[in-house]
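> Right, I'll just put the structure down here and ask away after.
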Amino acid sequence: MKSISILYGLLALTLTVSCSDQLAPVASNALRPTVVTEQTEYDTDDPAIWINPRDPSKSLIVGTDKEINGGLYLYDLKGKIVNKVTGLQRPNNVDIAYGIMINGKKIDIAITTERKSHKIRIYSLPDLKPVDGGGIEVFVGEKGEDERDGMGIAVYTKKIDSLTNEIYAIVGRKTGSSGSYLWQYKLSGKPDGTIQAEVVRKFGAYSGAKEIEAIAVDNELGYVYYSDETVGVRKYFADPALNNNKELALFAKGEAKRDHEGIAIYKTGEKTGYILVSNQQNNSFLVYPREGEASNPHAYKLLADIPVAAVECDGADATHVNLGPEFPNGMLVAMSNGKVFHIYDWNEVQKRIEAGK
Numbered sequence: 028m029k030s031i032s033i034l035y036g037l038l039a040l041t042l043t044v045s046c047s048d049q050l051a052p053v054a055s056n057a058l059r060p061t062v063v064t065e066q067t068e069y070d071t072d073d074p075a076i077w078i079n080p081r082d083p084s085k086s087l088i089v090g091t092d093k094e095i096n097g098g099l100y101l102y103d104l105k106g107k108i109v110n111k112v113t114g115l116q117r118p119n120n121v122d123i124a125y126g127i128m129i130n131g132k133k134i135d136i137a138i139t140t141e142r143k144s145h146k147i148r149i150y151s152l153p154d155l156k157p158v159d160g161g162g163i164e165v166f167v168g169e170k171g172e173d174e175r176d177g178m179g180i181a182v183y184t185k186k187i188d189s190l191t192n193e194i195y196a197i198v199g200r201k202t203g204s205s206g207s208y209l210w211q212y213k214l215s216g217k218p219d220g221t222i223q224a225e226v227v228r229k230f231g232a233y234s235g236a237k238e239i240e241a242i243a244v245d246n247e248l249g250y251v252y253y254s255d256e257t258v259g260v261r262k263y264f265a266d267p268a269l270n271n272n273k274e275l276a277l278f279a280k281g282e283a284k285r286d287h288e289g290i291a292i293y294k295t296g297e298k299t300g301y302i303l304v305s306n307q308q309n310n311s312f313l314v315y316p317r318e319g320e321a322s323n324p325h326a327y328k329l330l331a332d333i334p335v336a337a338v339e340c341d342g343a344d345a346t347h348v349n350l351g352p353e354f355p356n357g358m359l360v361a362m363s364n365g366k367v368f369h370i371y372d373w374n375e376v377q378k379r380i381e382a383g384k
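With the first letter of the sequence shown counted as 1, position 54 gets the number 81 in our numbering; the numbers rise by one all the way through.
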């Protein structure tokens with residue numbers, strides 16, 4: 028813990044001085060991370076937590092290093108880099124799917140957007156081997172370069188029965204048309220052992236104010252959320268079979284200092300928990316009830332705005348799973364400037380939520 032505190036102090040001092048005037052300094056009462064990961068080469072952006080089914084204490088964190096020749100990094104729960112894939116063309120966001128069927132075998136995968144190649148890249152977990160045949164092109168047919176620059180990604184897993192899932196990747200981009208900003212792809216295995224993707228839906232309002240990067244899916248409740256930066260968080264049904272592209276909610280309006288960024292969902296029950304949204308320029312997380320209001324599941328009241336040590340956080344992820352003695356009720360993982368991710372013990376986050384700050 029002492030070495031982590033020293034590292035945090037150096038990072039906070041350097042980053043607070045160098046950031047723009049619009050970025051608030053790290054608050055004196057900010058939540059401190061239990062672990063700070065080792066540095067990547069370029070610029071961290073988005074994490075996802077892979078739960079090891081045999082031993083959750085050996086779960087891993089997948090994170091993007093967002094730059095030309097950047098990559099995907101795998102960390103253990105002590106923040107050590109245990110594997111990586113580099114040489115990618117600006118990988119942006121990442122998410123995880125469990126149990127996709129390939130040649131009769133179920134595997135777990137990490138999916139990232141490779142922004143400058145206009146592809147999504149898919150790797151098996153935990154070995155981080157490519158299973159995408161060199162990448163799958165996205166936003167095919169769009170004319171502008173920015174309209175094909177993949178940024179955000181989230182996975183929706185639809186349970187068909189006790190043995191079968193349908194898995195979808197919901198992909199966002201640098202810019203695009205309102206009403207079809209997000210494209211949803213159904214993923215499936217091919218006989219050659221790779222994965223293919225089929226466009227099944229185009230949806231999603233876009234203000235045009237900035238961009239849409241952070242996307243998160245609540246599989247159990249069947250919703251997808253995304254941050255329309257500087258405007259708020261938009262909510263839709265995740266299941267394309269519903270044939271319903273109506274916006275269900277736009278919340279967090281006027282509650283961020285500027286950009287609404289990373290979204291993490293923490294579950295306290297089958298239908299309860301929290302939605303955490305990175306209040307980027309404030310170095311904090313806005314917290315909302317996962318279940319909405321009792322009278323309206325699509326209405327969201329701000330519960331807390333928790334200051335954190337993570338500086339200018341882009342992406343985030345959370346889990347409620349017991350990951351061992353240091354994280355008995357799970358964790359919150361947040362990107363921070365300084366080429367690192369911060370790992371927070373959920374028990375400490377919960378205390379701040381209950382205190383309302």
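Every residue gets a Cβ at the ideal spot worked out from N, C-alpha and C, and that includes glycine.
Here the structure is a predicted model, which means the values were calculated and not measured.
So, for Tyr183: in the same chain, excluding its five sequence neighbours on each side, which residues have a beta-carbon less than 7 Å away from its beta-carbon?
Tyr195, Ile197, Val244, Asn246, Val251, Ala265
> Would you call Lys262 buried or exposed, if buried means 16 or more other Cβ atoms sit within 10 Å of its Cβ?
buried
> What does the alpha-carbon distance come out to for the pair Gly235 and Thr202?
8 Å
> Give the DSSP-derived three-state secondary structure of Lys201 in the structure shown.
coil
> What do you get for Pro267, buried or exposed, if any count of 16 or more other CB atoms within 10 angstroms of its CB means buried?
With a 10 Å radius around the Cβ and a threshold of 16 neighbouring Cβ atoms, Pro267 comes out buried.
> Report yes if the C-beta distance between Val53 and Ala75 is below 7 Å; otherwise report no.
No. Outside cutoff.
> Under 8 Å by Cβ, that's how I've got Ser86 and Leu104 pegged, so tell me the actual separation to the nearest angstrom.
The beta carbons of Ser86 and Leu104 sit about 6 Å from each other, so the pair counts as a contact at 8 Å.
> Relative to the C-alpha of Ile95, which residue among Val112, Pro80, Asp82 is closest?
Val112
> Quick check on DSSP: helix, strand or coil for Leu58?
In this structure, DSSP gives Leu58 an extended state, which the three-state scheme calls strand.
> Would DSSP call Glu381 helix, strand or coil?
helix
> Please report the distance separating the alpha-carbon of Ala343 from that of Tyr253.
Ala343 and Tyr253 have their C-alpha atoms spaced approximately 13 Å apart.
> Short check: CB of Glu164 to CB of His145, under 7 Å?
yes
> In three-state DSSP terms, what is Ala124?
strand
> Kindly indicate which residue of Ser305, Val348, Arg317 has the alpha-carbon position closest to the one of Leu50.
Ser305
> For Ala283, which residues in the same chain have their Cβ closer than 6 Å to its Cβ, ignoring the five residues on either side in sequence?
Asn306
> So, with DSSP's three-state summary, where would you put Val258?
Residue state, collapsed to three classes: coil.
> Tell me whether Leu330, by its Cβ, gets closer than 6 Å to a heavy atom of the ligand HEM.
Annotation note on the ligand HEM: not contained in the displayed structure, which lists no ligands.
> List the whole-angstrom C-beta distance separating Ile138 from Ile147, where the pair is believed to meet the contact cut-off of C-beta under 8 Å.
Confirmed, Cβ separation roughly 6 Å.
> Please report the residue range of the beta strand (DSSP E) in which Glu288 lies.
287 to 294
> For Ala291 versus Leu275, is the C-beta spacing smaller than 7 Å?
no
> Could you compute how far the alpha carbon of Arg228 sits from the alpha carbon of Pro352?
Roughly 42 Å separates the two Cα atoms.
> Give the DSSP-derived three-state secondary structure of Asp173 in the structure shown.
helix
> Using the beta-carbon count (16 or more within 10 Å), is Pro80 buried or exposed?
exposed
> Within this structure, are the beta carbons of Gly179 and Gly199 separated by less than 7 Å?
yes
> For the putative contact between Trp210 and Leu152, defined by C-beta atoms under 8 Å, what is the C-beta separation to the nearest angstrom?
No, Trp210 and Leu152 are not in contact; Cβ-Cβ is about 24 Å, not under 8 Å.
> So, for Glu297: in the same chain, excluding its five sequence neighbours on each side, which residues have a beta-carbon less than 8 Å away from its beta-carbon?
Glu247
> Identify every residue that forms a DSSP beta bridge with Glu320.
Residue pairing by DSSP puts Glu320 in a beta bridge opposite Asn323.
> Taking Val335 as part of the beta strand (DSSP E), name the residues at either end of that continuous run.
Looking at the DSSP string, Val335 is not in any beta strand (DSSP E), and its letter there is neither H nor E.
> Go ahead and pull the three-state DSSP assignment for Val182.
strand
> Would you kindly work out how many angstroms separate the C-alpha atoms of Pro334 and Pro60, rounded to a whole number?
12 Å
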